[in-house]
Amino acid sequence: MALIEKGVKEGLKAANVKFPAQLGGCIFLFSFMMLAEKINPELGNAIFEALSPGAGILAKWLPVFFVPGLALLPLSPKIGTSVDVSFVSGEMLVLALRF
Numbered sequence: 101m102a103l104i105e106k107g108v109k110e111g112l113k114a115a116n117v118k119f120p121a122q123l124g125g126c127i128f129l130f131s132f133m134m135l136a137e138k139i140n141p142e143l144g145n146a147i148f149e150a151l152s153p154g155a156g157i158l159a160k161w162l163p164v165f166f167v168p169g170l171a172l173l174p175l176s177p178k179i180g181t182s183v184d185v186s187f188v189s190g191e192m193l194v195l196a197l198r199f
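In our numbering, each residue carries its 1-based index in the sequence shown increased by 100.
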């Protein structure tokens, strides 16, 4: 999970995007697991099982890892109008409900 966050951080830096890497990593991991589940349900379950022990430990330390990113979120540049954000959020919700 730390490698995912480091990769997302470097990717955001290379793209010159100022967005908290912790949140970007969550979005990336969620998207990847949804895609893996769609392609092969066993693969999605295997990834979930592999990440579960680490996720349990991180759940105890969640405020330490996510509060800094969430505190900086209002300072990040705008990503679009409220219509754009609503559209993307709606698409993600529809995608999540389809599973």
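Built from N, CA and C at the ideal position, the CB exists for glycine as well.
Could you check the C-alpha separation between residue i and residue j for me, to the nearest Å?
| i | j | result |
| --- | --- | --- |
| A204 | L158 | Outside the shown range of the chain (101 to 199) lies residue 204, about which nothing can therefore be said. |
| V188 | K160 | 30 Å |
| A115 | S152 | 31 Å |
| G156 | V183 | 36 Å |
| M192 | G107 | 22 Å |
| L162 | E149 | 19 Å |
| L195 | P177 | 26 Å |
Please list, in chain order, all residues of the same chain as residue i whose beta carbon is under 7 Å from its beta carbon, the five residues on each side excluded.
| i | result |
| --- | --- |
| E205 | Within the shown structure, residues of the chain are numbered from 101 to 199, placing residue 205 beyond reach of any answer. |
| I147 | M133 and A136 |
| L129 | I104 |
Is residue i near the ligand NAP, judged by its Cβ being under 7 Å from some heavy atom?
| i | result |
| --- | --- |
| M192 | Absence of the ligand NAP from the depicted structure is noted, as is the absence of any ligand whatsoever, leaving it without description. |
Less than 8 Å between C-beta atoms, sequence neighbours within five positions excluded: which residues of the same chain meet that for residue i?
| i | result |
| --- | --- |
| K41 | Limits of the chain in this structure are 101 at one end and 199 at the other, which puts residue 41 out of reach. |
Identify, in the order they occur along the chain, each residue of the same chain with its Cβ nearer than 6 Å to the Cβ of residue i, setting aside the five sequence neighbours on each side.
| i | result |
| --- | --- |
| K109 | A121 |
inquiry  = Three Cβ pairs or more, each shorter than 8 Å: is that satisfied between the stretch 109-125 and the stretch 141-156?
reply    = Touching, no, given that fewer than three Cβ pairs across the two stretches are closer than 8 Å.
ask   = In chain order, which continuous runs of the alpha helix (DSSP H) of length 4 or greater are located wholly inside the stretch 108-148?
value = Listed in chain order, they are 121-139.
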